[in-house]
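Input: a single structure, listed below in structure tokens.
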Amino acid sequence: MADATASNEDASPSTSTASSPLPEIHLLCMIDKYATAFNDAVTSHYPTLPDVTKITHHDCALKYLDQEVRFDAVISPANSYARLDGAFDDALARAYGPPGDYGWITRKAQKVLYEEWRGFAPPGTCTVVPLDHDDSLPPGVMGWDEDHQGPKNPWGTEYLLLCPTMRVPCDVRWDREVVYECIWSLLCAVDNHNRAVRRQQESSSGGEKPLKEIKSILMTPLAVGVGRVTAKRWAEQCVIAMKHYVEAVQNPDVWSSLSWGKALSDHGEVVGTYGTVRTEERPSGISLSSLWSRG
């Protein structure tokens, strides 16, 4: 598959810097159409994205991802209750949990979810969940077979980024901006986390467990499975959210006092990703006019 906008696993070193508004991104797309849609969206909406951060494509299932790949956080396109037991969340449960403890990652996520959201994270939000791998466990326990003397933590992952695209597994095509909202919330959550880490480093007396900045993430297409969002809408909203976020970071004077002109211009760009809202995409009890009022 040709890839004109992103690197592959043998690519040259990252062009992103410590001051980049975006983390390095590992994009896991098992099906070619999603990688193609992402590249098309970059070309159409944000052609300078590869200059802002490094994007590496992987075209395999999570369990086949090269053990040498490293990323600080992995995105869970979960439900609002952090039940991590289906689709990509199932892969996460199997990759990160100790053998025989399938519910390990769900318990980790739900504990933090209750502390921050009382157990329900609205779709479009992002919650940072420390994985807190136990250093007292013997080699090979976390994510590897018992005979493997590799790292306990697969791919060096320290955090789960819980980004629910739906309350419970269902068709969410009616929720026309949920991907944009998830990506925006994700980038803000990573930024807030990293600032908290730097504050800890500046003031730490050595008594608390040091946190780690999130400089690289692994993500998959969001809401394209049971959510039935198209590859095109997912990719465009993902890329547009990144573009708007970088603009916000680089132009604080504009984004700290937005005018209606700027707000409506950006809104129009997101509206352009909706496509046609078909009858079967509308949730029961909600009229088309009320859908438009969400914009």
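Every letter in the sequence shown is one number past the one before it in numbering that gives the first Met the number 0, and letter 140, counting from 1, is 139.
No residue lacks a Cβ here, since even glycine has one placed at the ideal position from N, Cα and C.
Same chain, Cβ closer than 6 Å to residue i, five either side skipped, listed in chain order
i: V196; result: L210, E212
i: P220; result: Y33, W233
i: D71; result: E157, I213, K214, S215
i: V225; result: P168
i: T124; result: S184
i: S135; result: Note that S135 scores a pLDDT of 48, beneath 50, so its modelled location is shaky and nothing firm can be said.
i: K231; result: A36
i: Q249; result: none
Cβ shell of residue i (< 8 Å), same chain only, five flanking positions each side left out
i: Y45; result: V238, I239, M241, K242
i: W103; result: A92, Y95, G96, P97
i: A333; result: The first residue shown for the chain is 0 and the last is 294, placing residue 333 beyond what the model contains.
i: D2; result: Any reading at D2 must be qualified, since the residue scores a pLDDT of 45, below 50, and its modelled position is unreliable; no value is offered.
i: S18; result: none
i: V223; result: Y33, T229, A230, W233
Cross-strand partners of residue i (DSSP beta bridge)
i: I24; result: I54, I216
i: T126; result: L161
Pick from the options that is closest to residue i, judged by C-alpha positions
i: G296; options: V51, Y273, C28, E67; result: The chain is shown from 0 up to 294; residue 296 falls before or after that span and cannot be answered.
i: T126; options: L257, L159, A60; result: L159
i: L112; options: G99, D100, E268, P129; result: P129
i: I182; options: R172, L217, C162, T229; result: C162
i: S75; options: D50, E176, T105; result: T105
i: W173; options: G274, I30, L217; result: G274
i: D88; options: M218, K261, S19; result: M218
i: P22; options: C28, K53, T47, D31; result: K53
i: E235; options: R194, K110, L48; result: L48
i: Y179; options: H266, Q200, I24; result: H266
i: P20; options: V223, A247, V73, K208; result: A247
i: R69; options: P153, T229, R175; result: P153
i: V245; options: I24, V51, L263; result: V51
Own chain partners of residue i with C-beta closer than 7 Å, once the 5 adjacent residues on each side are dropped
i: P137; result: Low confidence applies to P137: its pLDDT is 46, below 50, so where it sits in the model is not reliable enough to give any reading.
i: H192; result: V127, I213
i: D84; result: A92, T105
Cβ contact (3+ pairs, closer than 8 Å) linking the segment 167 to 175 and the segment 251 to 266: no
Three-pair Cβ contact test at 8 Å for the segment 39 to 46 versus the segment 184 to 203: no
Contact the segment 73 to 84 vs the segment 118 to 133: 3+ CB pairs below 8 Å: yes
Segments assigned beta strand (DSSP E), at least 3 residues, entirely inside the segment 55 to 89: 72 to 75
Whole runs of the alpha helix (DSSP H) within the segment 211 to 281, excluding any shorter than 4 residues: 230 to 249, 251 to 254, 259 to 270
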